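These notes are about the structure you will find just below.
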Amino acid sequence: MAGKTTRRATRTAPAVSTPDAEDLTDLFRRMLLVRRFEERAAQAYTQARVGGYCHLNLGEEATVVGLTSALEPEDYLFTNYREHGYALGRGIPAGRVMAELYGRSTGVSKGWGGSMHMFDVQARLMGGYGIVGGQVPLAAGAALAVSYRGGREVVMCQMGDGTTNIGAFHESLNIAALWDLPVVFAVVNNQLGMGTSVQESSAEPELHRRAAAYRIKGVRVDGTDVLAVREAAREAVRLAREEQRPTLLETVSYRLRGHSVVDPARYRDPEEVERAKEADPLPLLRDRLLKDGVLDEERLAALEDEVRQEITAAAEFAESSPHPEVSTLFDHTYATPVPNTEPRLPADALFTV
0 MAGKTTRRAT
10 RTAPAVSTPD
20 AEDLTDLFRR
30 MLLVRRFEER
40 AAQAYTQARV
50 GGYCHLNLGE
60 EATVVGLTSA
70 LEPEDYLFTN
80 YREHGYALGR
90 GIPAGRVMAE
100 LYGRSTGVSK
110 GWGGSMHMFD
120 VQARLMGGYG
130 IVGGQVPLAA
140 GAALAVSYRG
150 GREVVMCQMG
160 DGTTNIGAFH
170 ESLNIAALWD
180 LPVVFAVVNN
190 QLGMGTSVQE
200 SSAEPELHRR
210 AAAYRIKGVR
220 VDGTDVLAVR
230 EAAREAVRLA
240 REEQRPTLLE
250 TVSYRLRGHS
260 VVDPARYRDP
270 EEVERAKEAD
280 PLPLLRDRLL
290 KDGVLDEERL
300 AALEDEVRQE
310 ITAAAEFAES
320 SPHPEVSTLF
330 DHTYATPVPN
340 TEPRLPADAL
350 FTV
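First residue of the sequence shown? That's 0 in numbering that gives the first Met the number 0, and the numbers climb one at a time after it.
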């Protein structure tokens with residue numbers, strides 16, 4: 000282990016490469032898709048079409064797209080409960096994601112998971128997790144499995160800033176560093192753990208600095224700049240894939256709404272709300288593309304219409320899809336058959352006479 004003593008955390012992201020017009024347009028469209036999807040999800044929640052909790056990626060679109068665009072199809076992604084955009088980023092059709100919000104059998108988790116618990120093996124989206132930090136040790140375990148069998152896949156583990164204060168976060172980083180695991184720990188620092196600011200909850204509010212305790216690379220990047228996020232994520236993924244070393248990547252942004260759809264966010268002062276609006280990544284990128292001549296108003300309008308139609312179709316698909324049968328409630332409790340498991344539904348009688 001002596002060879003690891005030279006590794007230190009860093010606070011600077013790598014230089015951003017120059018993308019072409021097609022690439023920039025694609026990134027903008029993907030961010031726009033997440034934005035319009037989340038707006039429609041919020042509307043559906045107020046119409047009682049979505050049950051349970053619902054946490055939106057509004058304001059974090061640059062981070063969502065930047066992180067997911069750095070992954071290869073064979074890579075794995077673990078997320079927290081704010082994961083709609085990440086499901087879209089892994090290529091899951093908007094209709095299946097919306098259907099899951101609606102609790103329909105055509106959804107990502109066949110309607111049983113809802114907003115917080117999306118899972119798709121083919122897309123290698125290994126779940127949204129409702130327990131804060133629940134995904135972190137599982138991601139480390141998946142990276143261990145990849146390393147054990149000599150695979151080239153990378154595991155990315157997304158989490159919120161609040162997760163960095165729990166024990167499982169530190170245990171997982173420690174193991175990942177000791178065992179050279181191919182994992183990227185991506186902290187989405189939207190500066191609020193529910194209603195508590197990072198400065199009030201973390202003795203070290205620059206969360207990437209925690210990488211120094213485990214002698215792994217730590218990077219902090221502007222989470223409202225999709226190019227900066229993607230470049231930093233690509234380097235972290237490369238390091239994991241080629242050198243089997245973990246990275247702690249912190250992206251800093253604002254969320255434009257409360258912690259969940261029902262949170263009015265009264266804990267925010269007007270100045271902070273205004274700063275969040277000014278840092279909105281979607282108009283920032285739109286204005287940049289217009290200024291640089293990558294897009295014009297006509298093409299922007301066409302993109303808006305295209306995405307709007309896709310979201311409308313997704314909502315119609317979800318609305319018309321069937322609810323899951325109650326008899327399927329326990330169908331996916333175990334990945335493989337388990338002897339002597341209880342097949343009864345909660346209301347079934349134990350004995351019949």
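Where is the CB? At the ideal position from N, CA and C, for every residue including glycine.
Note that the coordinates shown come from a computational prediction; the quantities given were computed from them, not determined experimentally.
- For R39, the uninterrupted alpha helix (DSSP H) run begins and ends at A20 to T45, by DSSP.
- The C-beta distance from G222 to S201 rounds to 17 Å, too long to meet the 8 Å contact threshold.
- For the options Y147, A93 and M155, the alpha carbon positioned closest to that of F316 is the one of A93.
- For F329, there is no enclosing alpha helix (DSSP H), as DSSP gives it neither H nor E.
- The Cβ-Cβ distance between N188 and L206 falls below 8 Å.
- Beta-bridge analysis with DSSP links L137 to no other residue.
- Bounds of any alpha helix (DSSP H) do not take in M117, whose DSSP letter is neither H nor E.
- In the DSSP assignment, T311 falls within the alpha helix (DSSP H) that extends over E296 to S319.
- The three-state secondary structure of T78, taken from DSSP, is strand.
- Counting other Cβ atoms within 10 Å of its Cβ, H54 reaches 16 or more and is therefore classed as buried.
- By the neighbour-count definition (other C-beta atoms within 10 Å, threshold 16), I130 is an exposed residue.
- Residue pairing of D279 in beta bridges, as defined by DSSP: absent, with no partner found.
- Looking only at S259, V186 and M158, the smallest Cα-Cα distance to G133 is reached by M158.
- L66 and G292 have their C-alpha atoms some 26 Å from each other.
- Contact between E249 and V186 holds: their C-beta atoms lie close to 5 Å from each other, under 8 Å.
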